[in-house]
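Single-structure report; data block below.
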Amino acid sequence: MTAVRHRTTSNYPQGWSALAGLPGAAWLALFVGVPVVALVVRVVDTDSLRVLRTSVPWRIGWFTLWQALLSAVTALAVALPVTWVLARHDFRMRRTVRAIVVSGFLLPSVVVGTAFVGMLPASLQRTWIAVVVAHAWFNVAVVVRVVGARWERIDTGLTDAAALLGAAPLRRLRTVTLPLLAPALAAASALVFLFCFTSYGIVRLLGGPGRVTIESDIALRALQIGDVGAAAVLAVAQAVFLIVVATLSTTIGPRIVRGVALPRIAARRIGIGAARRPRIAKMIVAVTLVVVCAPLVTLVVGSLRVGSAWSLGGWRSVFGGETLRGSVDVIAAVSTSARVAVVALVIALVLGACTAFAAVHGGHRGRIGDSLVLVPLALSPVTVGLGIIVAFGPNAGNLRASWWIVPIAHSLVALPLVVRLLVPVLRAVPAGLRDAAATLGASPWRTLRSIDLALTRRALAGAGGLVVAVSVGEFGASSLLTRRGAETIPVAIARLMARTGDVLRTQAFVMSTLLAVLCIAAMILVERGDAAR
Amino acid sequence: MLHVESLRTRHDGRDLFTNLTLHIATGERVALLGPSGSGKTTLLRIIAGLEAAEAGRVVINERDVTNVAPHVRGVGMVFQDNQLFPHLDVAANVGYGEAVHRLSRHERDRVVADMLELVGLQGFAGRDVTTLSGGEAKRVALARTLAPRPAVLLLDEPLTGLDVALHDRLLADVRSVLAARRTTTLLVTHDPAEAAAVADRVVLLADIANVARS
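Respectively, the protein sequence lines represent chains A and B.
The opening residue of the first sequence carries number 0 in numbering that gives the first Met the number 0; numbering runs sequentially from there.
The opening residue of the second sequence carries number 0 in numbering that gives the first Met the number 0; numbering runs sequentially from there.
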């Protein structure tokens with residue numbers, strides 16, 4: 000079955016798409032292009048490159064590389080059994096189980112880090128094991144989504160045919176299922192690797208001072224040591240490495256892992272009761288649910304315990320306006336995050352909608368713009384933050400000291416995601432509807448409002464939810480750009496977790512619980528918008 | 000020899016058929032006729048071990064295989080939609096069963112060449128199976144199933160969906176291939192002409208079982 004493709008020739012006046020593409024392009028040029036150039040100039044201009052002559056960055060780079068590889072392998076190992084159950088079996092609450100399993104990825108990294116601090120025994124904290132376990136947990140959702148989408152399209156008849164040709168279950172897995180899954184396995188591994196390579200929040204909370212990745216070292220050098228030049232060198236080196244890996248995985252990758260086209264519709268699922276090994280499938284679901292929910296339960300439990308006693312003290316101290324020594328103003332942090340999210344929402348949604356319009360109706364140039372808008376994804380949030388610090392310092396209007404810089408940074412992180420969500424929805428609007436509106440006397444403006452905007456309303460709401468979720472959970476850029484006293488919630492959580500004291504720690508759990516609820520609520524909006532496709 | 004005794008199966012909470020009994024002698028070709036949705040494919044899947052029956056037993060060459068896993072039953076099946084492995088070429092598809100049974104590369108190549116010759120597809124060994132026509136794909140599926148010499152061959156509406164000219168040509172080929180191999184065969188179809196052309200004996204599902212009314 001092939002998807003219906005609608006004609007996307009624009010019905011709008013020439014020049015509209017170019018005009019719509021301008022604001023997004025200008026925004027990216029100013030807040031991504033200029034900072035990237037500033038970082039490169041900083042690297043070339045100073046003797047910052049000396050940092051590469053020491054062994055420290057190479058040691059950190061080696062740790063970053065192997066922990067990302069190990070995290071990707073672990074995530075695959077943990078996620079594949081439940082991916083199999085969800086792709087191949089039907090059972091009551093299947094959709095709910097899937098939603099719970101993929102919910103981990105919706106949570107901000109700082110929240111996940113806090114949850115694992117609460118869950119792991121003291122002997123495992125500040126070790127590479129803690130980092131890898133949290134990364135694997137975080138990325139189970141990526142594997143379930145990416146691999147599951149392909150697995151459910153593999154006809155069960157293929158493994159049946161292999162069985163009747165004498166292949167035992169393991170051989171069927173090795174010779175039929177895995178080769179057909181290969182492109183999805185490669186894509187999921189690459190994604191998880193890239194996420195874990197640039198992971199910051201989890202490494203900062205769980206790795207401690209001994210386990211530093213390139214990303215956390217950039218932040219450490221820029222924030223605490225004040226060696227912005229060395230941080231810039233590492234940021235540029237990391238960006239180059241990421242671009243090379245991403246390019247290789249999209250160019251050479253498909254040649255190595257050649258995938259065959261599969262039907263677009265899902266294959267028949269069997270009832271879990273009728274499965275050949277129903278007990279194994281049920282056990283996998285149960286164990287996975289426990290593994291996925293344990294950190295979330297830990298957050299709630301952690302928010303209700305002060306020291307070793309059950310107490311509502313954490314919640315009271317957060318909402319009672321009580322400011323403890325060494326604490327952060329929690330209410331102020333919530334209010335800052337809310338204001339930042341609203342501003343980031345307006346910027347990312349307006350620019351994202353305009354850019355998506357240009358991408359769909361702008362022909363060849365639109366498609367180039369559609370690709371360019373992905374550039375911020377290739378830069379880690381910490382690099383975005385560092386670039387802004389270097390580019391907009393005291394010599395350039397000191398914009399970095401302004402409150403606005405945080406929502407601007409969040410808008411850069413969210414913009415590619417908004418465009419990616421809106422473009423397919425806009426593209427799916429049949430051109431015939433615009434033709435019909437035009438023949439009924441509608442002006443281009445009216446057609447835009449009554450056809451395109453009306454049909455993408457739910458997707459826009461979903462994109463809005465995505466921006467809010469990204470903004471309230473964003474930690475990398477915020478930790479570099481937030482001024483003391485104006486912390487966002489994730490920055491406040493990280494500061495609380497760095498302090499000693501039972502109530503402060505409980506406050507961090509309270510805020511993490513609140514943030515988790517907020518992000519899940521925002522992402523429910525996104526799922527609804529996604530369904531609008 | 001295939002012997003199916005007192006089979007009962009349910010689908011969507013109702014009995015599809017009960018008390019189904021069928022005996023096929025070694026080397027005999029039997030066609031089973033029945034309307035769509037009457038449970039013909041389900042019967043084949045139960046014989047192959049891909050589905051479990053509510054009751055009854057399946058015996059192949061004097062061995063009760065009711066609870067035996069499909070990969071060690073010695074049953075071959077040509078699926079309605081072929082189920083060729085899309086990531087393997089024609090030769091690897093036809094030689095899959097031989098590879099499972101650890102035949103040497105040389106032996107496997109010989110079997111594949113023989114089978115392709117049997118179904119009239121010499122020179123197709125290196126072809127990508129996703130580029131085959133409907134008739135070619137059906138021949139590859141037949142060759143793949145026959146290659147490991149199964150004790151029982153099951154054919155699930157093997158000629159459905161082909162145009163008339165191709166259907167008639169392939170029907171003649173299937174008949175001659177099955178006659179040459181003398182494999183114990185059960186073919187299910189809703190086409191009486193096809194059943195009569197391929198089989199030594201034609202049975203109606205309603206005559207060998209209590210079939211639920213749809």
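By construction, the Cβ of each residue, glycine as well, lies at the ideal position given by its N, Cα and C atoms.
Just so you know, these numbers come straight off a predicted model, no measurement behind them.
By DSSP's assignment, residue 32 of chain B forms a beta bridge with B/188 and B/203. Secondary structure note for residue 0 of chain B: it is in no alpha helix (DSSP H), with a DSSP letter that is neither H nor E. Look at residue 159 of chain A: its C-beta is under 9 Å from a C-beta on chain B. Within 7 Å of the CB of residue 178 of chain A, the CB atoms of chain B belong to 86, in sequence order along the chain. In terms of Cβ geometry, residue 50 of chain A and residue 232 of chain A form a close pair [threshold 9 Å]. The count of Cβ pairs closer than 8 Å, one atom from the segment 503-512 of chain A and one from the segment 306-322 of chain A, reaches three, so the stretches are in contact. The Cβ atoms of residue 184 of chain B and residue 152 of chain B sit closer than 9 Å to each other.
The contact set of residue 172 of chain A on chain B, defined by CB atoms closer than 8 Å, is empty, because the minimum CB distance reaches about 12 Å. For residue 421 of chain A, the CB contacts under 8 Å within the same chain, skipping 5 residues up- and downstream, are 351, 352, 355, 455, 458, 459 and 462 in chain order. Within the model, the alpha-carbon separation for residue 102 of chain A versus residue 145 of chain B is close to 48 Å.
When Cβ-Cβ separations below 9 Å define contact, residue 78 of chain B makes contact with chain A.
The straight-line gap separating the alpha-carbon atoms of residue 72 of chain B and residue 64 of chain B is approximately 7 Å. Contacts with chain B at 9 Å (Cβ-Cβ) do not include residue 413 of chain A. Residue state for residue 86 of chain B is assigned as coil, using DSSP reduced to three classes. Every alpha helix (DSSP H) stretch that sits fully inside the segment 171-259 of chain A and reaches 4 residues is listed by chain position as 177-196, 213-219 and 227-255.
Sequence-distant Cβ neighbours of residue 402 of chain A in its own chain, meaning closer than 7 Å and more than five residues away, are 485. Residue pairing of residue 88 of chain A in beta bridges, as defined by DSSP: A/269. Taking each of B/15, B/5 and B/27 in turn and checking the Cα distance to residue 177 of chain B, the smallest one comes out for B/27.
For residue 54 of chain B, the closest Cβ of chain A is not nearer than 9 Å. About 7 Å separates the Cβ atoms of residue 85 of chain A and residue 143 of chain A, confirming a contact at the 8 Å cut-off. Looking from the CA of residue 489 of chain A, the closest CA among A/337, A/447 and A/97 belongs to A/337. DSSP, read as helix, strand or coil, puts residue 54 of chain B in strand.
If you draw a straight line from the Cα of residue 51 of chain B to the Cα of residue 164 of chain A, it comes to about 19 Å. For residue 259 of chain A, the residues of chain B that pass the 7 Å Cβ criterion are 85, 86 and 129, in the order they occur in the chain. Here DSSP, grouped into helix, strand and coil, assigns residue 151 of chain B to strand. Under the DSSP definition of a beta bridge, residue 75 of chain B partners with B/152. Distances from the alpha-carbon of residue 345 of chain A to those of A/130, A/141 and A/464 put A/464 closest. Checking the DSSP bridge columns, you'll see residue 9 of chain B partnered with B/14. Going by beta carbons, residue 77 of chain A and residue 135 of chain A fall inside the 9 Å limit. Considered as a whole, the segment 64-139 of chain A harbours 93-101 and 108-118 as its complete alpha helix (DSSP H) runs of no fewer than 4 residues, in chain order.
Residue 228 of chain A is positioned such that its CB atom lies no closer than 9 Å to that of residue 381 of chain A.
Assignment of residue 504 of chain A by DSSP, reduced to helix, strand and coil, places it in the helix class. Separation of residue 193 of chain B and residue 161 of chain B (C-alpha to C-alpha, rounded to the nearest whole angstrom) is 13 Å.
Counting only the Cα atoms, residue 90 of chain A lies some 40 Å from residue 201 of chain B. For residue 187 of chain B, no CB of chain A lies under 9 Å from its own CB, so it is not counted at the interface with that chain. Taking C-beta atoms under 8 Å as the contact rule, residue 157 of chain B and residue 32 of chain B fail to qualify, at a distance of about 14 Å.
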